[in-house]
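Comments concern the structure below.
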Amino acid sequence: MNLYLQLGIAFAIAFVVTYVMVPVSKRIALRIGAIDYPGNRRVNTVPIPRCGGIALFVGFMAAFAFVVVEAQTYGRSMLDFVMERDVNLVLMVLGITIMFVAGLIDDIYQIRAKVKFFWQIVACVVVYISGISIDVMVNPLNGQLFSLGWFDGIITVAYLLGFVNVTNLIDGLDGLAAGLAAIVSLCLFALVIGNGSFTISAMCLALIGVCLAFLRYNFYPATVFMGDCGSLFLGLIVGIVSIMGVVRTASIVLMLVPVVIAGVPVVDTASAIIRRMRGHKHIDEADLGHVHHRLLNRGFDQRKSVLILYGWSALLGVAGVAVGMIDGPGRFVVLAVMAAVVALAIWKLGLFKPVLQHYYDSKNATGPRIPQGYEPGSQIPEERDDSA
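If you read the sequence shown in numbering that gives the first Met the number 0, its first letter stands for residue 0, the second for the next number, and so on.
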């Protein structure tokens, strides 16, 4: 079967299955009580089902099953063998599933941050044990390969946890996390497809497919949220794909490329950590200082704020792809320009200024996510009619 036809089928499966599963996930959310109610930090004004990640998970796994069957049937390229060396697919899927389930439980019961982080670590460790690892790098001084040794596990797990949590933290406006994940995946696809890797290219397209299908229901005004089960899942998949498709080239510069491409959530997360530390708060305490909140405070509505962040992410993505494709001093010119643009945006938005802290109504509580003082009985928004 033609390579591009296989890739197209993988994308189509991911898109169609996710599109069909979103209404199902909404019904599941209503049945199990996974609802996002309006509160101090919520931009939604009515209760919204928050288990759309179920559709993302099912859609991606359906496409991934097709990819595995195709790879076994038609064979892999030599590059695929290098990128997928010693990977146990069963363990990898188990790790992904643990991450998804941890997020789903949090969507229903709001487990404590430390407990959720513990299960994130467990999931990432299982993925690492499956064979997804950075393994070796190039010494920039002499160009020689060197093994990371026992540091490999620590660095790989930390790398995966980084992608998981930046995706989780950026999920604050309708369509933001799904759109940024799609942009990041498209840029990673541009780097991988040129090397002829079918399996990882198909994983990138599957990720794009599930995100685009989900945006039909999640872009402003959203009728469903992905929840933690969706954001944690997407972050882990992006981390896995970036390791297999880019970082395993063993170049320190290329190891930073996925971080550059995911620059918007990375910068937002870094500013949140610094902001909370300067305010003598725990880094897991929520506030209204994220980049999307800053845009809203400047008078942009949700739709415009999301589109601005899409544009910023796309520019960083192009810069990341350029760094990955250009050799020599040109890489550092691109990085310098990108750093200047990011610095300007940070300065304009004041991302690293200490701000007043705003807390969840149910901070340090367990149980359903119903804020204090909220009167039950508000209607869940019906499916909007886009034909009008």
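Here a beta-carbon is modelled for each residue, glycine too, at the ideal position from N, C-alpha and C. Please read these numbers as outputs of a predicted model, since none were measured by experiment.
Q.
According to DSSP, Ile388 sits in a beta bridge with which residue or residues?
A. This structure cannot settle anything about residue 388, because the visible part of the chain is limited to 0 through 387.
Q. What first and last residue would you give for the alpha helix (DSSP H) that runs through Ile133?
A. In the sequence shown, residue 133 corresponds to position 134, counting from 1. That residue, Ile133, is in no alpha helix (DSSP H); it is neither H nor E in DSSP.
**Q.** Bridge-paired residues (DSSP) for Ser146
**A.** Working through the sequence shown from its first residue, we reach residue 146 at position 147. According to DSSP, Ser146 bridges with Val135.
Q: Could you check the C-alpha separation between Phe232 and Ile97 for me, to the nearest Å?
A: Counting from 1 along the sequence shown, the entry for residue 232 is found at position 233. Counting from 1 along the sequence shown, the entry for residue 97 is found at position 98. Rounded to whole angstroms, the separation of the alpha carbons of Ile97 and Phe232 is 9 Å.
Q: May I have the straight-line CA-CA distance separating Lys113 from Leu2, to the nearest angstrom?
A: Your numbering for residue 113 matches position 114 in the sequence shown. Your numbering for residue 2 matches position 3 in the sequence shown. About 44 Å.
Q. With Thr155 and Gly234 assumed to form a contact (beta carbons below 8 Å), what rounded beta-carbon distance in angstroms separates them?
A. Taking the first residue of the sequence shown as position 1, residue 155 is located at position 156. Taking the first residue of the sequence shown as position 1, residue 234 is located at position 235. Rounded, the Cβ-Cβ distance is 15 Å, inconsistent with contact.
Q | Runs of alpha helix (DSSP H) wholly within the segment 161-195 (minimum 4 residues, chain order) | A | 175-192
Q) Anyone know if the C-beta pair for Val57 and Gly94 falls short of 8 Å? A) For the purposes of this step, residue 57 is taken as the residue at position 58 of the sequence shown. For the purposes of this step, residue 94 is taken as the residue at position 95 of the sequence shown. Cβ distance not < 8 Å, so Val57 and Gly94 don't count as in contact.
Q) When you compare only the Cα positions, how much space is there between Ser304 and Thr72? A) For the purposes of this step, residue 304 is identified with residue 305 of the sequence shown, where counting begins at 1. For the purposes of this step, residue 72 is identified with residue 73 of the sequence shown, where counting begins at 1. Going from the Cα of Ser304 to the Cα of Thr72 covers about 45 Å.
Q: Look at the Cβ atom of Phe14, then the Cβ atom of Gly208, and state whether they are nearer than 8 Å.
A: Taking the sequence shown and counting its residues from 1, the one referred to as residue 14 is at position 15. Taking the sequence shown and counting its residues from 1, the one referred to as residue 208 is at position 209. It is a contact, given that the beta carbons lie within the stated cut-off.
Q: Would you check if the distance between the CB atom of Met225 and the CB atom of Ala181 is smaller than 8 Å?
A: What you label residue 225 is simply residue 226 of the sequence shown in a count that begins at 1. What you label residue 181 is simply residue 182 of the sequence shown in a count that begins at 1. Going by C-beta atoms, Met225 is not nearer than 8 Å to Ala181.
Q | For Val392, the first and last residue of its enclosing alpha helix (DSSP H) | A | The structure shown does not extend to residue 392, since the chain is modelled only from 0 through 387, so no value can be given for it.
Q | Close-in-space but distant-in-sequence residues of the same chain around Phe10 (CB under 6 Å, 5 per side omitted) | A | As a first step, residue 10 must be located in the sequence shown, where it is residue number 11. Cβ neighbours of Phe10 beyond the five flanking positions: Leu204, Gly208.
(Q) Only counting the same chain, and skipping five residues up and downstream in sequence, which positions put a Cβ closer than 6 Å to that of Glu69? (A) Reading the sequence shown from its first residue, position 70 is the one you call residue 69. In the same chain as Glu69, and ignoring 5 residues on each side of it, the C-beta atoms closer than 6 Å to its own belong to Gln5, in chain order.
**Q.** Endpoints, alpha helix (DSSP H) assigned at Tyr216
**A.** By one-based count along the sequence shown, residue 216 stands at place 217. Unbroken alpha helix (DSSP H) run through Tyr216: 197-217.
(Q) Once DSSP output is grouped into helix, strand and coil, what is the label at Phe14? (A) Working through the sequence shown from its first residue, we reach residue 14 at position 15. Residue state for Phe14 is assigned as helix, using DSSP reduced to three classes.
Q. Rounded to a whole number of angstroms, what is the C-alpha to C-alpha distance between Ile131 and Ala321?
A. What you label residue 131 is simply residue 132 of the sequence shown in a count that begins at 1. What you label residue 321 is simply residue 322 of the sequence shown in a count that begins at 1. Each residue's Cα considered, the two are about 25 Å apart.
Q: Evaluate Val26 with the Cβ neighbour count: other Cβ atoms within 10 Å of its Cβ, from every protein chain shown; 16 or more gives buried, anything less gives exposed.
A: On the sequence shown, position 27 is the one that residue 26 refers to. Note on identity: in this sequence residue 26 is Arg, with Val being the wrong assignment. With fewer than 16 other Cβ atoms within 10 Å, it is exposed.
(Q) Just to confirm my understanding: we take Leu103, look at its own chain, exclude 5 residues before and 5 after, and list those with CB closer than 6 Å. What are they? (A) Translated into positions along the sequence shown, residue 103 becomes position 104. So the list reads Cys228, once near-sequence residues are dropped.
Q) Can you tell me where the alpha helix (DSSP H) with Leu232 in it begins and where it stops? A) Here the question's residue 232 lines up with position 233 in the sequence shown. In the sequence on display, residue 232 carries Phe and not Leu. Looking at the DSSP string, the run of the alpha helix (DSSP H) that includes Phe232 is 226-244.
Q) DSSP three-state call for Ala70: helix, strand or coil? A) Counting from one through the sequence shown, the residue named residue 70 turns up at place 71. DSSP places Ala70 in helix when its eight states are reduced to three.
**Q.** Arg26 in three-state terms, based on DSSP
**A.** Your numbering for residue 26 matches position 27 in the sequence shown. In the displayed model, Arg26 falls within a helix according to three-state DSSP.
Q: Just the C-alpha distance for Phe213 and Met20, rounded to the nearest angstrom, thanks.
A: The sequence position of residue 213 within the sequence shown is 214, counting from 1. The sequence position of residue 20 within the sequence shown is 21, counting from 1. The alpha-carbon atoms of Phe213 and Met20 are separated by roughly 9 Å.
Q) Leaving out the 5 sequence neighbours to the left and right, which residues in its chain are closer than 7 Å to Val16 when beta-carbon positions are compared? A) By 1-based counting over the sequence shown, the position of residue 16 is 17. For Val16, where only same-chain residues beyond five positions count, the Cβ hits under 7 Å are Val57, Gly58, Ala61.
Q.
Counting C-beta neighbours from all protein chains within 10 Å, is the total for Ser230 16 or more, i.e. buried, or is it exposed?
A. As a working mapping, residue 230 is identified with position 231 in the sequence shown. Looking at its Cβ environment, which holds 16 or more other Cβ atoms inside 10 Å, Ser230 is buried.
Q. By Cβ distance, which residues of its chain are closer than 6 Å to Ser24, with the 5 residues on each side in sequence left out?
A. Counting from one through the sequence shown, the residue named residue 24 turns up at place 25. Counting only Cβ-Cβ distances below 6 Å, and skipping sequence neighbours, we find Cys50, Gly51, Ile53, Ala54.
Q.
For a test of the three-state rule: what should DSSP assign to Ala321, helix, strand or coil?
A. Position 322 of the sequence shown, counting from 1, holds the residue named residue 321. In the structure shown, Ala321 sits in a helix (DSSP, three-state: H, G or I).
Q) Using the C-alpha atoms, what's the distance from Phe65 back to Tyr390? A) Outside the modelled stretch of the chain, which goes from 0 to 387, sits residue 390, for which no answer is possible.
Q: Report yes if the CB atom of Val333 is closer than 8 Å to the CB atom of Ala318, and no otherwise.
A: In the sequence shown, counting from the first residue as 1, residue 333 sits at position 334. In the sequence shown, counting from the first residue as 1, residue 318 sits at position 319. Yes, Cβ-Cβ distance for Val333 and Ala318 is below 8 Å.
Q) What do you get for Asp85, buried or exposed, if any count of 16 or more other CB atoms within 10 angstroms of its CB means buried? A) Residue numbering aside, residue 85 sits at position 86 when the sequence shown is read from its first letter. Exposed is the call here.
Q. Measuring CB to CB, does Ile133 end up less than 8 Å from Leu90?
A. Looking up residue 133 in the sequence shown gives position 134. Looking up residue 90 in the sequence shown gives position 91. Contact annotation: Ile133 and Leu90 have beta-carbon atoms that are not nearer than 8 Å.
Q.
Tell me the rounded alpha-carbon separation between Arg30 and Leu211.
A. Residue 30 sits at position 31 when you count from the first residue of the sequence shown. Residue 211 sits at position 212 when you count from the first residue of the sequence shown. Near 25 Å, if we compare the C-alpha coordinates of Leu211 and Arg30.
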